[in-house]
Amino acid sequence: MLAGVTLLVAVGLVGYGLRGLWDRHAATHGGGGTQAPVASGDLDETPVPLADCKAAADEPRIIHLGSLDVSGCIVKVGTTGRQLDAPGNIHVAGWYDKSALPGDDGLSILDGHSSGRYKDGIFNRIDDFEDGSIFTVEYGDGKERRFEVTSVSEHEIADTMTALQDDATEQDANLALITCGGDYDAAHHSFDRRVVVLATSI
Numbered sequence: 011m012l013a014g015v016t017l018l019v020a021v022g023l024v025g026y027g028l029r030g031l032w033d034r035h036a037a038t039h040g041g042g043g044t045q046a047p048v049a050s051g052d053l054d055e056t057p058v059p060l061a062d063c064k065a066a067a068d069e070p071r072i073i074h075l076g077s078l079d080v081s082g083c084i085v086k087v088g089t090t091g092r093q094l095d096a097p098g099n100i101h102v103a104g105w106y107d108k109s110a111l112p113g114d115d116g117l118s119i120l121d122g123h124s125s126g127r128y129k130d131g132i133f134n135r136i137d138d139f140e141d142g143s144i145f146t147v148e149y150g151d152g153k154e155r156r157f158e159v160t161s162v163s164e165h166e167i168a169d170t171m172t173a174l175q176d177d178a179t180e181q182d183a184n185l186a187l188i189t190c191g192g193d194y195d196a197a198h199h200s201f202d203r204r205v206v207v208l209a210t211s212i
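Residue 11 is where the sequence shown starts when you use the numbering used here, and the numbers rise one by one after that.
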């Protein structure tokens, strides 16, 4: 499951070059903080064949998680109010379409579930990545962008996006994978920490 991280996207992100994320977000939401990502209701745990993945030629379609031997469709996610949406299926990754395209300038954000009620989610084992691990994002036209992992970290929910900003700047990373980690809080139907994998296009 995936639940609330506060996207405290500060103006300082623009200086790093995340202007695509911030400018487009500010234009459509009037600036301010966005909370992300939260899963609500029952999640679909039906596997999705890669042949069924759909995307425009110039948008991400499939993520292949290299040594983890996991692949899955990528769908666009936006916001509901001030909350970043999470994919409705645990086997699918969500590309925040107000962030950069994977491999382009700026930071691209992909979120995904670590688990459902009965099955592991697409990002269940991303904390097994090591620095230097390679994974790919396939676009709708079949072309692939390759990424090298620069860090794997776990953070308290409130600290996640600040840490992501600081680490991405330091590592010159341009893609972030985010999922749940830590302990499950049954009362709030969420985990209490977030796993962040940062990577740089190669």
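By construction, the Cβ of each residue, glycine as well, lies at the ideal position given by its N, Cα and C atoms.
Looking at the backbone, the Cα of Asn99 and that of Glu164 are separated by about 23 Å. With respect to the 9 Å criterion, Ile84 and Trp105 are classified as neighbours on the basis of their beta carbons.
Taking a cut-off of 8 Å on C-beta distances, the region 118–132 does not touch the region 154–172, as fewer than three cross pairs fall below it. Relative to Phe133, the option among Asp95, Gly91, Leu120 whose CA is nearest is Leu120.
In this structure, Asp182 lies away from Val206, with their beta-carbon atoms at least 9 Å apart.
In this structure, DSSP gives Asp141 a state outside helix and strand, which the three-state scheme calls coil.
Closest in alpha carbon position to Ile188, among Met171, Ile144, Glu180, is Met171. According to the DSSP assignment, Thr172 belongs to the alpha helix (DSSP H) that extends over 170–181.
A buried status is given to Pro70, since no fewer than 16 other beta-carbon atoms sit within 10 Å of its beta-carbon.
Residue pairing by DSSP puts Tyr149 in a beta bridge opposite Pro70. By the neighbour-count definition (other C-beta atoms within 10 Å, threshold 16), Gly91 is an exposed residue. Annotation for Phe133: no beta strand (DSSP E) segment contains it, and DSSP assigns it neither H nor E. Take Glu154, set aside five residues on each side of it, and the residues of its chain with a beta-carbon closer than 6 Å to its own are Thr146, Glu148, in chain order. With respect to the 9 Å criterion, Leu208 and Ser161 are classified as neighbours on the basis of their beta carbons. Beyond the five residues adjoining it in sequence on each side, Leu174 comes within less than 7 Å, by CB distance, of Ala186, Val206 in the same chain, given in chain order.
For Leu75, the three-state secondary structure derived from DSSP is coil. According to the DSSP assignment, Ala186 belongs to the beta strand (DSSP E) that extends over 185–195. In the three-state scheme derived from DSSP, where H, G and I count as helix and E and B as strand, Leu53 is classed as coil.
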